[in-house]
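Protein chains in written order, with numbering that gives the first Met the number 0: chain A, 0 to 484; chain B, 0 to 484.
Number of protein chains: 2
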Amino acid sequence: MPKTNLIPPPESGPVYLRLAGVLEGMIRNQSLRPGDRVPSVRQFGRQQKVSVPTALNAYAALETRGLIEARPKSGYFVRRRQADAVRMPGWGRPAPRITDFSSLDPLDTLMSDHGDPAFVPLGAALPSPELLPGEKLARIMGAIARRIPGAGVSYDVMPGSEILRRELARRSLDWGCALQPDEFMVTNGCTEALALALRATCQPGDTVVVESPTYFGLSSVLRESRLKALPIPVDSETGIDLEMLATALRKTRVAACLLIPNFHNPTGFLMPEDRKKALMDLVGPRGIPIIEDDTYGDLQHQGTRPRCLKAFDRNGSVILCGSFSKTLAPGYRIGYISGGRWHAQLMRLKQISSLANATLPTLAVAEFLKHGGYDRHLRSLRQAYRSQMEHMREAVAASFPPGIGLSRPQGNLVLWCELPARVDSIELFQRARAAGISVAPGPLFAPDGGCRNFIRLNCGHPWSPLIERSVAVLGHLATELANKG
Amino acid sequence: MPKTNLIPPPESGPVYLRLAGVLEGMIRNQSLRPGDRVPSVRQFGRQQKVSVPTALNAYAALETRGLIEARPKSGYFVRRRQADAVRMPGWGRPAPRITDFSSLDPLDTLMSDHGDPAFVPLGAALPSPELLPGEKLARIMGAIARRIPGAGVSYDVMPGSEILRRELARRSLDWGCALQPDEFMVTNGCTEALALALRATCQPGDTVVVESPTYFGLSSVLRESRLKALPIPVDSETGIDLEMLATALRKTRVAACLLIPNFHNPTGFLMPEDRKKALMDLVGPRGIPIIEDDTYGDLQHQGTRPRCLKAFDRNGSVILCGSFSKTLAPGYRIGYISGGRWHAQLMRLKQISSLANATLPTLAVAEFLKHGGYDRHLRSLRQAYRSQMEHMREAVAASFPPGIGLSRPQGNLVLWCELPARVDSIELFQRARAAGISVAPGPLFAPDGGCRNFIRLNCGHPWSPLIERSVAVLGHLATELANKG
Chain A
0 MPKTNLIPPP ESGPVYLRLA GVLEGMIRNQ SLRPGDRVPS VRQFGRQQKV SVPTALNAYA
60 ALETRGLIEA RPKSGYFVRR RQADAVRMPG WGRPAPRITD FSSLDPLDTL MSDHGDPAFV
120 PLGAALPSPE LLPGEKLARI MGAIARRIPG AGVSYDVMPG SEILRRELAR RSLDWGCALQ
180 PDEFMVTNGC TEALALALRA TCQPGDTVVV ESPTYFGLSS VLRESRLKAL PIPVDSETGI
240 DLEMLATALR KTRVAACLLI PNFHNPTGFL MPEDRKKALM DLVGPRGIPI IEDDTYGDLQ
300 HQGTRPRCLK AFDRNGSVIL CGSFSKTLAP GYRIGYISGG RWHAQLMRLK QISSLANATL
360 PTLAVAEFLK HGGYDRHLRS LRQAYRSQME HMREAVAASF PPGIGLSRPQ GNLVLWCELP
420 ARVDSIELFQ RARAAGISVA PGPLFAPDGG CRNFIRLNCG HPWSPLIERS VAVLGHLATE
480 LANKG
Chain B
0 MPKTNLIPPP ESGPVYLRLA GVLEGMIRNQ SLRPGDRVPS VRQFGRQQKV SVPTALNAYA
60 ALETRGLIEA RPKSGYFVRR RQADAVRMPG WGRPAPRITD FSSLDPLDTL MSDHGDPAFV
120 PLGAALPSPE LLPGEKLARI MGAIARRIPG AGVSYDVMPG SEILRRELAR RSLDWGCALQ
180 PDEFMVTNGC TEALALALRA TCQPGDTVVV ESPTYFGLSS VLRESRLKAL PIPVDSETGI
240 DLEMLATALR KTRVAACLLI PNFHNPTGFL MPEDRKKALM DLVGPRGIPI IEDDTYGDLQ
300 HQGTRPRCLK AFDRNGSVIL CGSFSKTLAP GYRIGYISGG RWHAQLMRLK QISSLANATL
360 PTLAVAEFLK HGGYDRHLRS LRQAYRSQME HMREAVAASF PPGIGLSRPQ GNLVLWCELP
420 ARVDSIELFQ RARAAGISVA PGPLFAPDGG CRNFIRLNCG HPWSPLIERS VAVLGHLATE
480 LANKG
């Protein structure tokens, strides 16, 4: 189980955490505002009919969460949240233009720095292993190996474990779809799913609509597949510009659209349902395949899981790709694809690309979904990501130079940060690396070469003094660069 | 440990097995010929200074191995081996021609039938799980998960586990190479390695030299990659026709050569070293990349491990691909590639194809190679494959129609069988399937559409009455088809 301080939903958990949840709700719905005094511990205990130590525990939990603060001799107050005063990041609104990726440098350092304990892991969008059910998954894997002789060494033949595909089908109801087990194929993470989808729908030289900024893995796969990108601007506040997309589709022959509608990486934008419908109405009738990266769909910070674009797909135009790399175990490499019209072709391509997934990791994830309490795990993981992100937002607001923009993601584990115009994030990336801090510089996400003054911060790790200090160092370095010249 | 009856090498194991090894040696070197009487049990016990029960155990082991037989009231005799009288399979020697794969049906049934207990598994080239160290690997995996917190859930970032790459480097000395750990990358089985190698070296529409017959996975990857095959004939007795290859290279612009020099699948041919050198002298100077599939290199039935083509590579022209799918665990999906001049590009392609391998399976195989007795395991596995193949050869010789040809592989786990010319192996495949037996029909292996009257038989399972009966059924079906019309 995660070792971070989480506040579970009010209906479950120890009494003091339930009480903390009550106060948290009041702070969130603005019944208690930043700077307001909260009831004294004694008073709160009386109101809620609990002992003083229990009330004190509830306050300690809220303090750890950064929601309240103790002022010496004055009591507890709702903490002023500087981050809420910070505007959202903008975009440069460049005109869409076709970009050839062949000149972009790959920044493999991000991935390798993440695994290196010498670096504070704010770069790659990866959860801390302590938030993930690694021990439980390994135990399940061991139990399967003992229970089914030969299970581990034998192939899990295509399209992959039926148990897992049944669970995915069941869960697809939450996504607004009603997919059947045989509409899924198990893949080596979402990476393989996306690569297969592009191979199935595009020929080298073709043009693919992507968001800008977008996940840098998408730029890499386009570059290595000799595809061209047609980037459409997206920002943290309003998402993808559908008018610009409509114009682009009229002007250019597009082979596919590659989009992240739910908790977009890096901006965190959640496309509202009416926009999803409008997008499908725009693209669907043209017969252009939409490759939907739903890696972050399960990671809403509050409320219900958002529906997928696939939910609004009437003619099998959407190739839905997802994975358990941000929720269960990046190292298990379990992703999936539901390929609509292209599903048979995707199966042939998987056969020649990797033949099959590793059997035991696949079966372990299947079993965890079926019996392991995936939903319970998701609830605490979402709370962790939300809490860590709020800490990060506060810390950035406190130490970064004036004039920054900061995303307010409703899900996912990354924060998108616009720095003052003169800050070169590649230089910031290099200076931070020299200081032992890994961050992801903006140009990595910009298929059109922009985002020079942006960085993305990973909030996948429990908040700690080390991370707090590192954000202060980043703020110092950014201020230096802003004042340079 | 394998549950089959193995005769370990004379220097190890219980006394009776060592004695059986002595007699086996005499039979193999023809000191005792088929039909010869062997010493009586009592006599042999006296000669070797062991008790009668020990000598009897040795004889029982030889009997189980099919090397001797008891004749009532006459004693023991060296068994007549019908298979030795059967000629090697031929080839049709068609002129090399470029083949477009787009019309070939994929026979996915082979793979799925293999996992289905309803079928006797003579189709896919796969070992029986009971011959593989599945329990041990699973225990190692569990131990790693307990020992290194977070190991399983975290990425094993590219180029993959250094422990595994060090072991590969160490073992490469046996292959006649001296590769460094950083010249290796871990892949999802040999399948991913081969697919990446083709992507790195070829463009859609390019022509690739392949052997004919060849492993059907190579035909699939060429077809799906929109590459053309230039098939060069290979047979069980003389291997690839180098003169024909030389002529073809003079006439045609070839983007790559895709070859299986060690224990070729399906013919079992081991390319001698002088031929390997000649091949490198022919192809190397032209700058054409050679993709070497060394999946079966560790599976010699006797003597030392053959060297790779890569051992004769002077300018980084050979992309060496291999895996542990035929030796340790198909379901772990652990392969590797050493990409010569193309290594950096292969790393970029792996990054977009699957990002990383599943961590725990990779680390478990690494640990097994380092401390788990891989070489000991290989010794008993090779003996098992050899013994199973000899049983298969005998059974085929006994029950198949006259005029067949049968390969005499010096390694690998598959037997290549030429049937009478009028037997259509696709029809045999279908009738066998109806009888609950999976076999691999010849045309699957023929990029040029030949091998209509060939089948490949998997010898990866311990010999059993069920398999023996199934081979008799196959023989009956083949005889029916031979006499049809």
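Beta carbons: idealized from backbone N, C-alpha and C, even for Gly.
For K135 (chain B), same chain residues with a beta-carbon under 8 Å away, outside a window of 5 residues either side, are F367 and G371 in chain order. Interface flag for R347 (chain A) against chain B is set, since a Cβ pair is found closer than 8 Å. Comparing alpha-carbon positions, the option among A:R70, A:M87, A:L193 and A:E291 lying closest to C416 (chain A) turns out to be A:M87. Chain B has a Cβ within less than 8 Å of the Cβ of V156 (chain A). Between the alpha carbons of G151 (chain B) and C320 (chain A) lies a distance of about 23 Å. Of all residues in the region 131-151 of chain A, only L131, P132, G133, E134, L136, A137, R138, M140, G141, I143, A144, R145, P148, G149, A150 and G151 place a beta-carbon less than 9 Å from a beta-carbon of chain B. Taking 8 Å as the CB threshold, Y331 (chain A) lines the interface with chain B. Inclusion of T251 (chain A) and T206 (chain A) in the CB contact set at 8 Å is warranted, their separation being smaller than that value. Residue environment: E242 (chain B) is assigned as exposed (fewer than 16 neighbouring CB atoms within 10 Å of its CB, all protein chains considered). A Cβ of chain B is located within less than 8 Å of the beta carbon of E223 (chain A).
Closest in alpha carbon position to H113 (chain B), among B:P329, B:N356, B:G474 and B:V395, is B:P329. The criterion of a C-beta distance shorter than 8 Å is not satisfied by C176 (chain A) and G334 (chain A). Per the DSSP secondary-structure output, Q299 (chain B) pairs in a beta bridge with B:G410. Chain B places no beta carbon closer than 8 Å to that of I336 (chain A), leaving this residue out of the contacts. Shown here, G339 (chain A) sits in a helix according to DSSP, grouped into three states.
Not flagged as an interface residue toward chain A: G65 (chain B), since no C-beta distance is shorter than 8 Å. Only residues of its own chain outside the window of five on either side were considered, and among them L443 and F444 have a CB closer than 6 Å to the CB of F215 (chain B), listed in chain order.
Taking 8 Å as the CB threshold, G114 (chain A) lines the interface with chain B. Using a 10 angstroms sphere on the CB of P232 (chain A), the tally of other CB atoms reaches 16 or more, which defines it as buried. A residue is called buried once 16 or more other Cβ atoms fall within 10 Å of its Cβ, and N261 (chain B) is buried on that count. Collapsing the DSSP output to three states places V37 (chain B) in coil. Contact between Q387 (chain A) and H300 (chain A) does not hold, since the beta-carbon distance rounds to 11 Å and is not under 8 Å. The bridge partners DSSP lists for T186 (chain B) are B:G334. Residues of chain A whose Cβ lies closer than 7 Å to the Cβ of A254 (chain B) do not exist, since the nearest Cβ in that chain is about 15 Å away. Among the bridge pairs identified by DSSP, N356 (chain B) is matched with B:D155. In this structure, V422 (chain A) keeps its C-beta atom at 8 Å or more from the C-beta atom of A471 (chain A).
Against chain A, a Cβ distance below 9 Å from S219 (chain B) picks out R347, Q350 and I351.
Ranked by Cα distance from P212 (chain A), the options A:L362, A:H263 and A:E166 are led by A:H263. Against chain A, the CB of P360 (chain B) has a partner CB under 8 Å away; the residue lies at that interface. The beta carbon of E182 (chain A) sits closer than 7 Å to those of S337 and H342, all from its chain and outside the five residues before and after it, given in chain order. In summary, G204 (chain A) is exposed, with fewer than 16 beta-carbon neighbours lying within 10 Å of its beta-carbon over all protein chains present. Straight through space, the alpha carbons of L229 (chain B) and I287 (chain B) are spaced by roughly 14 Å. Between the alpha carbons of R407 (chain B) and C458 (chain B) lies a distance of about 13 Å. Burial is judged here by how many other beta carbons sit within 10 angstroms of a residue's own beta carbon; G339 (chain B) has at least 16 and is buried.
Restricting attention to A:K325, A:V185, A:S235 and A:E129, the CA atom closest to the CA of L359 (chain A) is found in A:V185. Between L348 (chain B) and R198 (chain B), the C-beta gap is smaller than 8 Å, which places the two residues in contact.
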